[in-house]
Every structure is written in C-alpha cells, then in structure tokens.
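Chemist: My structure is below; once you've seen it, I'll send some questions.
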Amino acid sequence: AVLKGTGKVGPNRRSPLLRSGLVIAQFTISIILFIGTFVVRDQLHFIQTKKLGFNKEQVVVVEKTDDLFGRIVPFMDELRQKPHIIQVSNSSNLLGQNFGSSVHRMAEAGGEETHLLWNLRTDYDFAATYEIEIAAGRYFSRDWSTDSTAVVINETAARALGISDPIGKTLINVGPRPDLSQSYTIIGVARDFHFESLYQQIRPLAIKLFNRNNRGRFVSVRIASEDIANTVSTIEATWHKFAGNQAFEYVFFDQEFGKLYEAEQRTAKILTIFSGLAIFIACLGLLGLASFTTEQRTKEIGIRKTLGASVSSVVVLLSREFTKWVLLANIVAWPVAYFAMSNWLQNFAYRVNIEAWIFLTAAAAALAIALLTVSYQTIRAALSNPVEALRYE
Numbered sequence: 060a061v062l063k064g065t066g067k068v069g070p071n072r073r074s075p076l077l078r079s080g081l082v083i084a085q086f087t088i089s090i091i092l093f094i095g096t097f098v099v100r101d102q103l104h105f106i107q108t109k110k111l112g113f114n115k116e117q118v119v120v121v122e123k124t125d126d127l128f129g130r131i132v133p134f135m136d137e138l139r140q141k142p143h144i145i146q147v148s149n150s151s152n153l154l155g156q157n158f159g160s161s162v163h164r165m166a167e168a169g170g171e172e173t174h175l176l177w178n179l180r181t182d183y184d185f186a187a188t189y190e191i192e193i194a195a196g197r198y199f200s201r202d203w204s205t206d207s208t209a210v211v212i213n214e215t216a217a218r219a220l221g222i223s224d225p226i227g228k229t230l231i232n233v234g235p236r237p238d239l240s241q242s243y244t245i246i247g248v249a250r251d252f253h254f255e256s257l258y259q260q261i262r263p264l265a266i267k268l269f270n271r272n273n274r275g276r277f278v279s280v281r282i283a284s285e286d287i288a289n290t291v292s293t294i295e296a297t298w299h300k301f302a303g304n305q306a307f308e309y310v311f312f313d314q315e316f317g318k319l320y321e322a323e324q325r326t327a328k329i330l331t332i333f334s335g336l337a338i339f340i341a342c343l344g345l346l347g348l349a350s351f352t353t354e355q356r357t358k359e360i361g362i363r364k365t366l367g368a369s370v371s372s373v374v375v376l377l378s379r380e381f382t383k384w385v386l387l388a389n390i391v392a393w394p395v396a397y398f399a400m401s402n403w404l405q406n407f408a409y410r411v412n413i414e415a416w417i418f419l420t421a422a423a424a425a426l427a428i429a430l431l432t433v434s435y436q437t438i439r440a441a442l443s444n445p446v447e448a449l450r451y452e
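Numbering of the sequence shown is given in the numbering used here, commencing with residue 60 and proceeding in unit increments.
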C-alpha cells in the first residue's frame with residue numbers, strides 16, 4: 060500500500076525496532092555472503108596460479124595403458140617418433156591422485172628410526188615430461204644399469220630422513236620381514252613439487268623405477284602447442300595399432316588436475332548467486348521501508364523546507380538512518396564471516412590470508428547498494444512541494 064501510495068500509515072502501526080532489525084538481519088546475511096564470495100574466489104585464484112613445481116600444461120594422459128602389457132614400451136617408442144610429441148613417460152600414478160606409502164629407514168641410521176614415504180613408480184622420462192627440477196644429483200638414466208636399485212627423493216623426504224647430503228646414501232624400504240626389505244641408493248633429490256592437491260602439505264616422496272616387466276596405468280605425452288587436434292589423433296591411431304579395438308581413453312592433464320577443485324568452483328558459483336539474491340531481497344525490503352519512512356516524515360520534510368532546508372540536507376537526513384543500519388549490519392557480519400571463512404580455509408594446507416580490503420569492499424558495496432536503493436524515494440521527498448507536504452493528513 061505504501062509503494063502504491065494508496066494507504067496512510069500511522070507512526071505506531073509497526074514496531075520501529077522490528078523494522079530496523081529485519082533490515083539489519085537482511086544486510087548482515089548479504090554482507091556475509093559477499094565476503095564469502097570474495098574469499099572463495101581469492102583462494103581459487105591462488106590455487107590456479109600457484110607454482111606447483113612441475114608443468115601441467117600441454118600434457119595428454121593416456122589412461123589404462125597397463126592393459127597393453129608387454130606392448131606398452133613399443134607403444135611409447137613409436138609415439139616418440141611422431142611429430143609434435145616432445146616427451147613420453149609411464150607412471151604408476153597421476154599427479155594429484157592418492158599415492159600409496161610405505162615405511163623406510165636410512166641404512167646408516169642403524170635401523171632404529173623409520174619414516175613414512177609416499178611412493179611413485181616411473182620410467183626414465185617422467186621428470187623430463189613434467190619438467191620437474193632436480194635440486195641435487197640426477198634423475199634415472201638408461202646409461203646406468205644400477206638405477207634399477209636407485210631412488211630419487213624429494214626435498215621434504217631428505218629433511219624428514221635427517222640427511223643434509225643424501226646422494227650415495229642407502230635407503231631401505233622396510234618389508235614385513237627382514238628378507239622382504241629392499242635397499243635403494245639415493246641418486247637424486249627432486250625439488251619439492253605438489254604431487255597431491257593443495258589440501259595437503261608436500262609430503263616425503265620416494266620415486267623409483269618400475270620393476271622389470273612392470274608398467275603403470277598412465278602414459279603422459281608432452282605435446283607441442285601447435286596442431287593439438289592432429290597430434291591427439293596421431294596418439295589415438297598409435298594406440299589402436301597396439302591395442303586393437305580397445306577404447307582410447309585420454310585426458311588433458313591440466314583439466315584433470317583442475318577437477319581437484321571442482322567443489323570450490325561450485326561453492327564460488329553458489330555463493331555468487333545467493334549473495335545476489337540476498338542483496339536483491341534486502342533491497343526490496345529497504346525500498347519499502349524508505350517509502351514508509353518518507354511518508355511518515357512528510358510533514359517534517361515540509362516544515363524543514365519551509366524553514367530553508369536545502370534538498371541535499373533533506374536527502375542526508377533521510378539517508379542517515381539507513382546508513383546507520385547498514386553500518387551496524389557490517390559490525391555484526393564481519394566477525395561471523397571471518398570465523399566461517401577461516402574455518403573453510405583450514406581445509407587447505409596452502410591458502411590465502413583474509414585481507415582487510417575484502418571486508419571494506421563488502422561494506423562499501425552494501426552501503427552503495429543501500430543508498431542507491433533509497434535514493435529515488437529520498438530525493439523525491441526532498442524535491443516535493445512543501446505546501447503539499449503540510450496538507451498531508
């Protein structure tokens with residue numbers, strides 16, 4: 060009725076405390092959602108741009124290659140001869156997936172102190188395919204027959220094992236019985252890379268060569284950036300040459316790695332939608348309340364204008380109360396939003412800090428939207444004829 064201008068509302072028809080409380084509650088929810096949207100998007104940007112310690116671009120992963128059995132090596136050798144194919148490698152796991160772990164100890168430690176290391180089986184070209192940097196020593200090489208009993212560890216593993224100069228030392232993979240334990244010579248230390256998602260701290264990793272005649276489920280093919288479609292078709296044709304009619308299943312590694320954070324991407328979209336809906340609903344309530352308030356104060360506005368009040372001073376007078384409510388909503392929303400988003404960020408081992416600008420931006424946006432919402436009603440009231448206002452009721 061107020062919006063249509065068909066009703067006259069007395070000053071005591073509704074409780075002012077209830078009205079202002081509802082506006083504060085609506086804007087509190089909107090501001091919390093605003094802040095949540097900013098934080099989630101900031102964390103997603105951090106995840107997508109953080110250096111992982113390897114190159115995830117331009118890698119095609121052929122899946123279920125263990126089904127080739129003894130034909131996997133000829134398959135990879137033929138791929139290496141194709142144009143636009145830079146590197147080819149076979150591995151037991153795909154980076155970002157769950158890795159198995161086992162107990163290890165240093166032979167020089169006397170057999171007392173054991174450590175849990177995560178395991179990855181690869182061939183000679185894995186580090187080159189993913190462009191993993193070797194911090195000390197070297198990676199596996201076909202020129203060294205002894206590499207079948209060698210191991211490359213990451214920097215975190217070297218720290219966990221308590222050795223500052225690991226090259227040449229003996230690492231024992233502890234078996235269930237002493238005769239089932241295996242000894243490996245450390246030949247290299249890989250610079251730490253995120254072989255799991257950013258939910259996890261980088262953990263100690265031991266990279267070993269495949270046992271003889273043992274191959275992994277994934278062949279990673281680094282391709283050139285030009286003519287990608289034809290290169291994938293070439294990989295598929297080569298696959299069918301060795302696998303017959305067996306289905307060719309492949310993924311682009313960067314897209315597969317990005318799936319680790321699909322939940323966060325969905326959360327960002329949902330928060331964006333709901334924050335938009337929340338602010339829209341809050342603005343509807345504020346628009347009705349602005350109409351209600353200006354109608355209640357019609358005589359006051361007329362008297363002030365008769366006594367010489369300017370249009371701007373009347374607009375400020377009418378907007379001041381709404382501004383106060385939005386600022387109060389910020390005071391309530393900020394600690395709630397900070398607590399909620401801090402808890403959410405605890406899921407990530409690597410995360411952004413919740414910056415002050417996020418809160419200030421949310422406050423400024425809420426205040427600007429509120430003032431824009433009520434501006435029409437306040438300016439119209441301020442520009443009204445004071446004679447008409449004094450005739451009110």
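Ideal Cβ placement from N, Cα and C applies to all residues, glycine included.
Could you tell me whether any Cβ in chain C is nearer than 8 Å to the Cβ of Phe-418?
Modeler: Absent from the structure is chain C; it holds one protein chain and no more.
Chemist: Which parts of the region 213-285 are runs of the alpha helix (DSSP H), unbroken and 4 residues or longer, counting only runs that do not cross its ends?
Modeler: Whole alpha helix (DSSP H) segments, 4+ residues: 214-220.
Chemist: According to the neighbour-count rule (16 or more other Cβ atoms, all chains shown, within 10 Å of its Cβ), is His-104 buried or exposed?
Modeler: It counts as exposed.
Chemist: Decide if Thr-188 is buried, meaning its Cβ has at least 16 other Cβ atoms within 10 Å, or exposed.
Modeler: Buried: at least 16 other Cβ atoms inside 10 Å.
Chemist: Does the distance from the C-beta atom of Tyr-183 to that of Phe-199 stay below 8 Å?
Modeler: Cβ atoms of Tyr-183 and Phe-199: closer than 8 Å.
Chemist: With 16 as the cutoff for other CB atoms within 10 Å, does Ala-422 come out buried or exposed?
Modeler: Answer is buried; the Cβ neighbour count reaches 16.
Chemist: Is Glu-122 helix, strand or coil when you go by DSSP?
Modeler: Strand.
Chemist: Quick check: what's the CA-CA separation for Leu-111 versus Ile-261?
Modeler: Answer to the nearest angstrom: the Cα atoms are 10 Å apart.
Chemist: Three or more C-beta pairs under 8 Å: does that hold for the region 153-167 against the region 280-291?
Modeler: Result no; under three Cβ-Cβ pairs closer than 8 Å.
Chemist: Is it the case that the Cβ atoms of Arg-245 and Leu-230 are separated by a distance below 8 Å?
Modeler: Per the sequence presented here, residue 245 reads as Ile, with Arg not at that position. Their beta carbons are under 8 Å apart, which means Ile-245 touches Leu-230 by this criterion.
Chemist: Taking 8 Å as the cut-off, decide whether the C-beta atoms of Ile-90 and Ala-306 are in contact.
Modeler: Contact: no.
Chemist: Which two residues bound the contiguous beta strand (DSSP E) that contains Gln-146?
Modeler: It spans 144-150 - the beta strand (DSSP E) in which Gln-146 sits, taken as one unbroken run.
Chemist: Among Ser-334, Thr-124, Leu-92, which has the Cα closest to the Cα of Asn-152?
Modeler: With distances taken between Cα atoms, Asn-152 lies closest to Thr-124.
Chemist: Can you tell me whether Ile-191 is helix, strand or coil according to DSSP?
Modeler: Reduced to three states, the DSSP call for Ile-191 is coil.
Chemist: Where do the N-terminal and C-terminal ends of the alpha helix (DSSP H) with Ser-292 fall, by residue?
Modeler: That run of the alpha helix (DSSP H) goes 287-302.
Chemist: Tell me the rounded alpha-carbon separation between Val-248 and Val-233.
Modeler: Whole-angstrom Cα-Cα distance: 20 Å.
Chemist: Alpha carbons only, please: which of Thr-420, Ala-415, Leu-346 is nearest the one belonging to Leu-431?
Modeler: Checked all of Thr-420, Ala-415, Leu-346; the closest Cα to Leu-431 is Leu-346.
Chemist: Within 10 Å of its beta-carbon, does Ala-288 have 16 or more other beta-carbons around it, so buried, or fewer, so exposed?
Modeler: Answer is exposed; the Cβ neighbour count stays below 16.
Chemist: Please state whether the Cβ-Cβ distance between Val-119 and Phe-311 is less than 8 Å.
Modeler: Closer than 8 Å, so yes.
Chemist: Excluding the 5 residues preceding and the 5 following Leu-293 in the sequence, name in chain order all residues of the same chain whose CB lies nearer than 6 Å to its CB.
Modeler: Per the sequence shown, the amino acid found at residue 293 is Thr instead of Leu. Cβ neighbours of Thr-293 beyond the five flanking positions: Lys-141.
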